[in-house]
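*Asks:* Got a structure here, written out as structure tokens. Questions coming.
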Amino acid sequence: MIPNVEINLLAVLVGAAIYMIIGMIWYSRFMFGNQWMNLIGLNKQGMEKSKSKSGGRTRTFIIAFMGALILNFVLAHFVA
Numbered sequence: 001m002i003p004n005v006e007i008n009l010l011a012v013l014v015g016a017a018i019y020m021i022i023g024m025i026w027y028s029r030f031m032f033g034n035q036w037m038n039l040i041g042l043n044k045q046g047m048e049k050s051k052s053k054s055g056g057r058t059r060t061f062i063i064a065f066m067g068a069l070i071l072n073f074v075l076a077h078f079v080a
């Protein structure tokens with residue numbers, strides 16, 4: 001039997017937003033973005049090519065945000 005657990009959906013939404021904000025800061029040029037690009041062998045031209053090929057950043061951010069929502073929702077179940 002599945003227990004009836006109350007989940008604070010606002011906390012799940014805020015957690016997903018914080019997840020995305022921390023990721024954007026982490027991979028920015030001011031933190032570790034340049035080192036990450038060097039390690040995986042990307043340059044600015046390669047980034048521009050991959051943006052146009054994969055449909056841009058918007059779709060990637062939406063998919064990542066949906067993944068963060070699912071991650072936070074499951075984590076909220078475990079914590080409760």
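Read left to right, the sequence shown gives residues 1 to 80 (this note's numbering).
The beta-carbon is built from N, C-alpha and C at its ideal position, and this holds for glycine as well.
All values derive from a computational prediction rather than experimental measurement.
1. What would DSSP say about Ala68, mapped onto helix, strand or coil?
2. Report the residue ranges of all beta strand (DSSP E) runs contained in full by the segment 2-45; include only those spanning at least 3 residues, in chain order.
3. Taking Cβ to Cβ, would you say Ala68 is nearer than 8 angstroms to Ala11?
4. My assumption, with CB atoms under 8 angstroms, is that Val5 sits in contact with His77. Please give the rounded CB distance.
5. Does DSSP classify Ala76 as helix, strand or coil?
6. To the nearest angstrom, how far is the alpha carbon of Trp26 from that of Gly41?
7. List the whole-angstrom C-beta distance separating Phe73 from Ile7, where the pair is believed to meet the contact cut-off of C-beta under 8 angstroms.
*Replies:* Taking the structure as given:
1. helix
2. Listed in chain order, nothing qualifies, since the segment 2-45 has no complete beta strand (DSSP E) run of 3 or more residues.
3. no
4. 6 angstroms
5. helix
6. 18 angstroms
7. Right, the Cβ-Cβ distance comes to about 7 angstroms (below 8 angstroms), so this counts as a contact.
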